[in-house]
Each structure stands twice: as structure tokens, then as C-alpha cells.
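Chemist: The opening position of the sequence shown corresponds to residue 2 in the numbering used here, with each subsequent residue numbered one higher.
In this text, a Cβ means the ideal position worked out from N, Cα and C, and glycines have one as well.
The structure's right below; bear with me while I get my questions together.
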Amino acid sequence: MPCAINIFSIELLITPWRKRMVAPQANGANGTNKTALVINAYEHLIREQLQMLGHNTKSDGLIETPQRVARVHLEHFNCTENPIADAALHLKPFKSPANPSLVSVRCSFSAFCEHHLLPFFGTAHVVYLPDEQITGLSKISRIINELCKRPQIQERITSETAEVMMRLNPVGVLVDLVAEHTCMRVRGVRDACSSTRTRIATGEFKTDSDLRNQAISMLE
Numbered sequence: 002m003p004c005a006i007n008i009f010s011i012e013l014l015i016t017p018w019r020k021r022m023v024a025p026q027a028n029g030a031n032g033t034n035k036t037a038l039v040i041n042a043y044e045h046l047i048r049e050q051l052q053m054l055g056h057n058t059k060s061d062g063l064i065e066t067p068q069r070v071a072r073v074h075l076e077h078f079n080c081t082e083n084p085i086a087d088a089a090l091h092l093k094p095f096k097s098p099a100n101p102s103l104v105s106v107r108c109s110f111s112a113f114c115e116h117h118l119l120p121f122f123g124t125a126h127v128v129y130l131p132d133e134q135i136t137g138l139s140k141i142s143r144i145i146n147e148l149c150k151r152p153q154i155q156e157r158i159t160s161e162t163a164e165v166m167m168r169l170n171p172v173g174v175l176v177d178l179v180a181e182h183t184c185m186r187v188r189g190v191r192d193a194c195s196s197t198r199t200r201i202a203t204g205e206f207k208t209d210s211d212l213r214n215q216a217i218s219m220l221e
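Encoded structure:
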């Protein structure tokens, strides 16, 4: 079994995928059938890759692995034309009370890095000072989860979360993410204790140091 993937081998992997992806349109299949066809095609690719690396995909441990991987990737590698707009659908704003206070939400998140397709995960902290609109507390977690449904980088999740929150036209937004990246822990430097922090301030949090410090104090 060859260990190197040459151009011919790659074409063998891609061809079944191309053929199966055309099938839903040709047959007029509904959404459920399209999903099943995508999973089946992706399964085939994963199975072929494992076999090319010399693994027995009929063994007890690997026989269902291609299907499991296909479902995980289908969930996390979503592809949309405008992910910001999709995430903003979760905002569902409503009128804020008089004299609104700082709002702070902490939630967990997980995503796959676009460089190695390895998971990273951690805690997201969003602080904002409303003006005329607020959103439900759970909506902030949903926004972040939506932004994580494609190959991502932590820096982009941070800035995109702030961009979505700014659609409420708040006084300011602070987004702070702390994450552990398995691409640093299991490969490359193999640093088992590494973590990464990203932070962005927008609106008056960016220009007013007193407001920004108040928001930062909410992270503690």
C-alpha cells in the first residue's frame, strides 16, 4: 500500500466525490437526501485516505470511522456566502431599559483551525454597553457557535463576534477569547501548556480608556 499521495491518487479520491455531488441536482433530491449523499461521498474519501495510509478500514475500530468523521466535518465545516449575516440572525434585538448597564456573557466554544483542521476550544467573554437595543443572553453564545461552523482562526472569531454585536449599535463592545489549540499541543512545538488570548474593543470602548477599563474589569 503506497504511503505517498501522488496526483493520480488524489484524482482517484476526488472523482467519486465529483460524481456524487452532481447527483442531488440531477435527481431533484430533497435536503435530507442531499445530506445523505454528501455524507456518503465524504465517507468514501475518508475511507480511501485511511486505506492509502495502510490502515484496514474493515477492522472493528475503523469500520465506522469514515461515517463519524463525515458527520463531524459536515457539522463544523459549513460553507455559507455570508457567515456574518447568518450569525446576525441570532441577534433578535429588543428595546433596552433606561440607563442600561454593562452586559457580560461568558461561554465556551470550539472550532477547527483552517490551517490543520485540528480542533481548538476555550472560553469567549463578550462585554457590551447597550444604547437602544439589547439581545438575549443566550443569543451571544449562539452567535459565536454559528461563527465556529467553518474552518476558522481564533483572531477571526474574535473580530467577527464584535462585528455582529455592533449591529445592535451599542456604545461599545469588548470580545475576549482564550483557547487551547491542539495544533500546538499535538504537532509542531508540542507545547502541552500553551494557550492563546485574543481581544478586540470597538465603538467607544476603543476610544474611551475609562469605558474600556470598566469593560475589562468585567473579565475578571
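Taking Cβ positions only, does Gln153 come closer than 9 angstroms to chain D?
Modeler: Absence of chain D from the displayed structure is noted, only one protein chain being present.
Chemist: Would the beta-carbon of Ser160 fall within 9 angstroms of that of Val172?
Modeler: no
Chemist: Starting from Pro171, trace the alpha helix (DSSP H) in both directions and tell me its first and last residue.
Modeler: First-last for Pro171: undefined, no H or E at that position.
Chemist: Run through DSSP, which three-state label would Cys184 get?
Modeler: Here Cys184 sits in helix by DSSP.
Chemist: Measuring alpha carbon to alpha carbon, tell me which of Arg198, Ile40, Thr66 and Asn41 ends up nearest Gln52.
Modeler: Thr66
Chemist: Are there 16 or more other CB atoms within 10 angstroms of the CB of Glu147, so buried, or fewer, so exposed?
Modeler: buried
Chemist: Taking the continuous alpha helix (DSSP H) assigned at Thr136, which residues delimit it?
Modeler: Looking at the DSSP string, Thr136 is not in any alpha helix (DSSP H), and its letter there is neither H nor E.
Chemist: Pop quiz: Cys114 and Phe122 are said to be a contact at Cβ under 8 angstroms. What is the actual Cβ separation, rounded to whole angstroms?
Modeler: At roughly 11 angstroms, the Cβ-Cβ gap does not stay under 8 angstroms, so Cys114 and Phe122 are not in contact.
Chemist: Just the C-alpha distance for Val106 and Leu220, rounded to the nearest angstrom, thanks.
Modeler: 9 angstroms
Chemist: Taking the CB atoms as reference points, tell me whether Ile158 and Thr199 lie closer together than 9 angstroms.
Modeler: Against a cut-off of 9 angstroms, the Cβ pair of Thr199 and Ile158 comes out as a contact.
Chemist: Run the CB neighbour count on Gly189, radius 10 Å, all protein chains shown included, and call it buried at 16 or more, exposed below.
Modeler: exposed
Chemist: What distance in whole Å lies between the Cβ atoms of Gly137 and Lys93, which are believed to be in contact at a cut-off of 8 angstroms?
Modeler: 7 angstroms
Chemist: Cβ atoms of Glu164 and Ile217: under 9 angstroms apart, would you say?
Modeler: no
Chemist: Give me whichever residues DSSP pairs with Tyr129 in a beta bridge.
Modeler: Val104 and Val174
Chemist: Would the region 33-47 and the region 70-77 be scored as touching if the rule is three or more Cβ pairs under 8 angstroms?
Modeler: yes
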